[in-house]
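What follows is a short report on a single structure.
Residue numbers (the UniProt record's numbering): 1 to 703.
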């Protein structure tokens, strides 16, 4: 890839070639999945720039993050729109001058009678990951972290974010901005800051498509209680107007039709099930905005958003019609043949006008009260405005609930893809251990790329399910750490190494964390690891009656840490999609009170990932993916069925970090049986790799 890029560069005008060639000469070659499922994350602006003079081959390469990338704007004379997002993403330490952007935004605020303007991080679908075209908070503030709110008045600008990003925000925000550190003493939340600034009847504006309807109501109440004016849900995004032609086009990657052999159920059957739910609820229709929900319902996938196999769309289902709102560029004969006469295709940008027309069309003047539309909690205020707020019945999306209960085909796909993914991890850990023992110097990015190389050789591999957390020593204590050059650390064989990674396969989605040590761990590291392991085993062995929630099960994973006065500040488990988002609801295991509202169900797929972290020293996490399955018990109190978990992750636990004396006989038996299963399922796929096979034999030997 590097040599191709250089050949293309040398065919450009001299100034362009000379300016970019040094960066590509030292480039780290891109791995395949970086060039496919997430290529748009770095290159959308380049690929979609109509004025770009760069050939397609270079446009496919230049997105890849390079160390010490020179600023081509100073030397090329090319349009700024070509490189602005690329440059802002090259380093966590880049500071952007936001003076002109803020001045332009404030002028628009004045024109629209807005005194305080809110810029959320979210897109119109409340996606966990966003596309570059939705990086409005990043554009206006210069802050590139994944979470935060930009808040602008006529004379102030504030950025609110959580503790994961305090250092990054301090490095990236210029002198125009004040950092609001969430959770710190005497620091207001972003909504408190907004309410205080709106005191005296000042109006607060926000793009109505970027706030959920439910949250808009609570925010409006908070503002008005403080003496503020109105919360104005705007149909036009003011940051987009400032961004202008520099804003990347919305991606329109090809739609993937998911074969029934992977989906397990025809989409027509799923729609029929939904219509039964509509009839049961006496509702006139359902609006869908969650991208993973729509993908699951129609057995389709995409790649418009990094790591998530989804594309931008909306959907509505009524008793007589089903509509999919899609970018016209993504319509194809294959998609139309797949959907047939069952689904009407409408342009994505027509969703608001179509919903308004649908609402007006379905008014029954003789009815005692208007027929309701089921309106999911993640749907936007803009959609609520279009349908009419009096027509809404706010609910948890029935598609979210149905999607979380995997059918037998999806469950078997999860089992099989985790075996293949386990093989890749075993190959990788064996390779990494050998490299470090031989004195090789590898940084965290080198290691992550090598793991991806192993994964991409596996059947049905599509791409990564999230950015690999490859972390050594103190970096392992940063829960959401993401290694980047030039700051990635060299892997220390005498320190803990934590690897949290996952992949997208056509038959499932994986997410596995293993903590290893390639030298001699300290007594505290061994004890902490073993306590975490005991919690992982306790949850994995749990048996419980129908109706129990993840909120109730969470203490099982923490109990051994608690007994030593230790704990961790993250959830114990999240739902996992089937060739969909690696994080999905509504089920989860953790201390969040909302988990108490959702009992676990047969067919749920969820993670089991207790951990322990010492800031500045080390971090430990052990993560398996588990399925909720029926358990045969000797008794059946209250005639309730009893359930438990099946672990599908097939990667050994770390022997050098395990203090066997702290394990009970039952725990040792469980661990030996698990390791026996890991060996039996993965070793046949390792026959050509003696290094990996020897590593596996050692790590799975019975205690």
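Beta carbons: idealized from backbone N, C-alpha and C, even for Gly.
For residue j and residue i, the rounded distance between their alpha carbons
i: residue 531; j: residue 538; result: 11 Å
i: residue 544; j: residue 640; result: 10 Å
i: residue 250; j: residue 690; result: 47 Å
i: residue 688; j: residue 699; result: 18 Å
i: residue 651; j: residue 568; result: 23 Å
i: residue 46; j: residue 253; result: Caution is warranted here: a pLDDT of 30 is assigned to residue 46, below 50, making its placement in the model unreliable, and the coordinate value is therefore given only provisionally. Spanning the two alpha carbons is a distance of roughly 15 Å.
i: residue 513; j: residue 261; result: 29 Å
i: residue 177; j: residue 157; result: 5 Å
i: residue 580; j: residue 110; result: 42 Å
i: residue 36; j: residue 308; result: For residue 36, the predicted model reports a pLDDT of 39, less than 50, meaning its position is unreliable; a value from the coordinates is still stated below. Each residue's alpha carbon lies about 12 Å from the other.
i: residue 451; j: residue 623; result: 17 Å
i: residue 427; j: residue 680; result: 15 Å
i: residue 101; j: residue 124; result: 22 Å
i: residue 695; j: residue 520; result: 17 Å
i: residue 152; j: residue 388; result: 29 Å
i: residue 373; j: residue 636; result: 40 Å
i: residue 41; j: residue 133; result: Because the pLDDT of residue 41 is 32, which lies under 50, any placement of that residue in the model is unreliable, and the question is left without a value.
i: residue 590; j: residue 583; result: 14 Å
i: residue 150; j: residue 104; result: 15 Å
i: residue 293; j: residue 400; result: 6 Å
Pair within 9 Å by beta-carbon distance, residue i and residue j
i: residue 130; j: residue 145; result: no
i: residue 468; j: residue 448; result: yes
i: residue 280; j: residue 402; result: no
i: residue 358; j: residue 320; result: no
i: residue 482; j: residue 496; result: no
i: residue 649; j: residue 578; result: no
i: residue 137; j: residue 119; result: yes
i: residue 171; j: residue 95; result: yes
i: residue 463; j: residue 607; result: no
i: residue 432; j: residue 490; result: no
i: residue 141; j: residue 98; result: yes
i: residue 585; j: residue 413; result: no
i: residue 298; j: residue 305; result: no
i: residue 515; j: residue 616; result: no
i: residue 112; j: residue 232; result: yes
Residues bridged to residue i (per DSSP)
i: residue 441; result: According to DSSP, which records beta bridges pairwise, residue 441 is partnered with nothing at all.
i: residue 608; result: 624
i: residue 181; result: 161
i: residue 301; result: 256
i: residue 269; result: According to DSSP, which records beta bridges pairwise, residue 269 is partnered with nothing at all.
i: residue 503; result: 464
i: residue 545; result: 642
i: residue 631; result: 642
i: residue 118; result: 151, 206
First through last residue of the beta strand (DSSP E) which encompasses residue i
i: residue 482; result: Careful: residue 482 lies outside any beta strand (DSSP E) and carries neither H nor E.
i: residue 283; result: 283-288
i: residue 582; result: That residue, residue 582, is in no beta strand (DSSP E); it is neither H nor E in DSSP.
i: residue 150; result: 149-152
i: residue 242; result: Run containing residue 242: none in the beta strand (DSSP E); it sits in the alpha helix (DSSP H), 238-243.
i: residue 314; result: 313-317
i: residue 188; result: Unbroken run through residue 188: none, as it is neither H nor E.
i: residue 214; result: Taken as a continuous stretch (DSSP letters only), residue 214 belongs to no beta strand (DSSP E), being part of the alpha helix (DSSP H) at 213-225.
i: residue 379; result: First-last for residue 379: undefined, no H or E at that position.
i: residue 394; result: 392-395
i: residue 470; result: 469-472
i: residue 346; result: 344-347
i: residue 204; result: 204-207
i: residue 518; result: It is not in any beta strand (DSSP E) - residue 518 carries neither H nor E in the DSSP assignment.
Residue i: first and last residue of the uninterrupted alpha helix (DSSP H) it sits in
i: residue 523; result: 523-540
i: residue 388; result: No alpha helix (DSSP H) contains residue 388, which DSSP labels as neither H nor E.
i: residue 332; result: Premise fails: residue 332 is in no alpha helix (DSSP H) and is neither H nor E.
i: residue 554; result: 550-562
i: residue 678; result: 665-682
i: residue 734; result: Residue 734 is absent from the model: the chain starts at 1 and stops at 703.
i: residue 399; result: 398-404
i: residue 106; result: 99-111
i: residue 166; result: 166-172
Any C-beta of chain C under 9 Å from that of residue i
i: residue 346; result: Here chain C cannot be found, since the structure has a single protein chain.
* **Three CB pairs or more closer than 8 Å across the region 672-683 and the region 625-634** => no
* Asked: Are at least three pairs of beta-carbons, each pair with one atom in the region 313-324 and one in the region 387-398, less than 8 Å apart?
  -> no
* the region 434-443 contacting the region 396-414, beta-carbon criterion three pairs below 8 Å -> no
* **contact_flag[the region 454-466, the region 409-423] where n(CB pairs < 8 Å) is 3 or more** => yes
* At least 3 beta-carbon pairs within less than 8 Å: the region 476-494 vs the region 596-609 -> no
* Inter-stretch contact (C-beta, 8 Å, three-pair minimum) for the region 190-200 and the region 165-175 -> no
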